[in-house]
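Yeah, the sequence shown ends on 456 if you go by our numbering, and it's all consecutive.
Accompanying notes for the structure given below.
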Amino acid sequence: MTALSYIFTCLLVAAPEAGADLSVDATAQGEGADASAGGKGKRERGESRRSDGDRKQKWIHRHPPTRMMGEVGVFGGIMLPTPRLELFEFDNALPDNGFRRVRGVAPEIGVRGGFYPLRFFGLELEGAVMPAKLRDVDARANLWAFRGHVVGQLGLWSVTPFILLGTGAFGVASSRAALGNDVDISIHFGGGIKIFATDSIMVRLDLRDTVSARRGVDNGLGHSGELLLGLSWTPRGRKKPTPESGPRDRDGDGFLDDEDKCIDEPGIAPDGCPRTDRDGDGFYDDEDKCIDEPGVEPDGCPRPDRDGDKIADVDDSCIDEPETKNGYEDTDGCPDELPKDVAEFNGVFPGIEFDTDKDTIKPASKKILERAIKVLTDYPKLKVEIGGHTDSTGSREHNLDLSRRRAASVKRYLVEHGIAEDRMSTRGYGPDKPIAENETKDGRQRNRRIEFTVLD
């Protein structure tokens, strides 16, 4: 009984909150009326915002009960039958006329169906079976119930508290050695919570008290408690489509759909379509003199490049002769050749040696590296890749790592001697690019090398 009192208290607490929700709804309707007075465009935008709000509403407000809703479900739980339940087949030939006490806990399973003509009120029918054990003998008896009740619920949210009151038949079906067959009229009442996971799936928790005849001192009435958990399908009547009031403007650009040539894209006059930029250069087509070629100010056309070397004429020192891309003065737009000392620097740089299986540069190599420092200092725009190579002795993975470390060691030396780090990149090729046979000592010596490659 204490649990039922708790449920009723929850209902009383929830009622003011429901009133607050209804008040908010009324306020929203009033605001909608003000928006209507403001003109068709505002009204339609307001409807669009409310529609978006419906899609984004919290789950607690998304699946409340509705009018004309059904319920079909199954449930299970436990019954706590009063031990002196007066359900037995009377027989003068048996001790105590055939009465035997029922044990205090029995499992319960059943089915239910219901109909709710109003969101706050409904009618339900149930059938249930409770297999019970007897205290006095080693026997079982099947208690059963077929009952109906009225339901009152606070149908405002996806979580819905309810109370119920009903009556029905409460009986037993068993062998004569147990309780025989009997049926009484019972009254039941209780409450619980319904949780609507979706519009059609609902989980339900019931706490009830079933009142029926009791055998014993002065007889009277006995109370049998029930705790039930159920799963139900809740078919609902079709929702009436909300009538549209007035012409629509789906993309909200001020052009009604029957006049808008781009009803899903906000646009501008004269046809409601957005401005286009076909070549993606930031100039709209109606202002772009070269709509298929990305360009620059002032007219959206590309800068002229008469010799086609991708250096605009305004920056090209030789507008009729294309630039030679060789890593040397590649931004002036003129053909050229690598200076002799740069050409000699580009490629294998013999004489750079390392300690065996290490990335430590031998002192004798420092003189060779001074030449590299001079070339890079004399041509400050030159950028190079430093490539490390090994012979095929040992595993490929080891040689790749060794070649990377040796290339990095050369770069580190050049940086320490004043060459900007961002002018050099490194790469380890390991044994993958031999320039001689690895079967001979001389060939392996040639393959262990550092190469400088001038970058474009």
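Every residue, glycine too, gets a C-beta built ideally from N, C-alpha and C.
Just reading off the beta strand (DSSP E) that residue i is part of, what are its end residues?
i    : result
D184 : N181 to F196
F121 : F121 to K133
E287 : Looking at the DSSP string, E287 is not in any beta strand (DSSP E), and its letter there is neither H nor E.
D258 : From DSSP, D258 is part of no beta strand (DSSP E); its letter is neither H nor E.
R140 : R140 to Q153
I78  : M69 to L80
Quick check: what's the CA-CA separation for residue i versus residue j?
i    : j    : result
W59  : R208 : 28 Å
I352 : G430 : 16 Å
A169 : F189 : 14 Å
G267 : G70  : 47 Å
A407 : I386 : 6 Å
T377 : G418 : 8 Å
P322 : C334 : 6 Å
D479 : G180 : Absent from the model: residue 479. The displayed extent of the chain is 1 to 456, so no value can be given.
L255 : R275 : In the sequence as presented, Leu is not what sits at residue 255; that position holds Phe. If I take the Cα positions, the gap works out to 15 Å.
M424 : L414 : 9 Å
V375 : K362 : 21 Å
G388 : K366 : 17 Å
E416 : T356 : 23 Å
E533 : C301 : With the chain covering only 1 through 456, there is no way to say anything about residue 533.
L369 : K441 : 25 Å
I373 : F452 : 12 Å
W144 : M202 : 25 Å
A178 : G110 : 23 Å
T167 : N142 : 20 Å
H223 : K194 : 24 Å
L80  : A106 : 6 Å
Are the CB atoms of residue i and residue j nearer to each other than 7 Å?
i    : j    : result
D184 : V172 : no
R176 : R135 : no
H61  : F196 : no
E108 : A213 : no
Ordered along the chain, which non-local residues of its own chain (more than five positions away) have a Cβ less than 6 Å from that of residue i?
i    : result
A436 : G443, R446 and N447
K340 : none
I187 : T167 and V211
R405 : D359
Within a Cβ cutoff of 7 Å, which residues of the same chain sit near residue i, ignoring the five residues on either side of it in sequence?
i    : result
I291 : R278, D279 and D285
R396 : G430 and P431
V72  : G113, S232 and W233
Are any of the Cβ atoms in chain C nearer than 7 Å to that of residue i?
i    : result
L207 : As a matter of chain content, chain C is missing from the structure shown, which is built from one protein chain.
At which residues does the alpha helix (DSSP H) containing residue i begin and terminate?
i    : result
H398 : R396 to E416
R208 : Where R208 is concerned, there is no enclosing alpha helix (DSSP H), although the beta strand (DSSP E) it sits in stretches over I201 to A213.
T377 : K366 to D378
Within its chain, find whatever has a CB closer than 8 Å to the CB of residue i; leave out the 5 residues flanking it on each side and keep chain order.
i    : result
P235 : M69, G70, V72 and S200
E421 : K411 and V415
V151 : G114, Y116, F121, G122, L123, E124, F162, I163 and L164
Report yes or no: do the segment 108 to 128 and the segment 149 to 161 share at least 3 C-beta pairs separated by less than 8 Å?
Contact between the segment 108 to 128 and the segment 149 to 161 is present, because at least three Cβ pairs lie under 8 Å.
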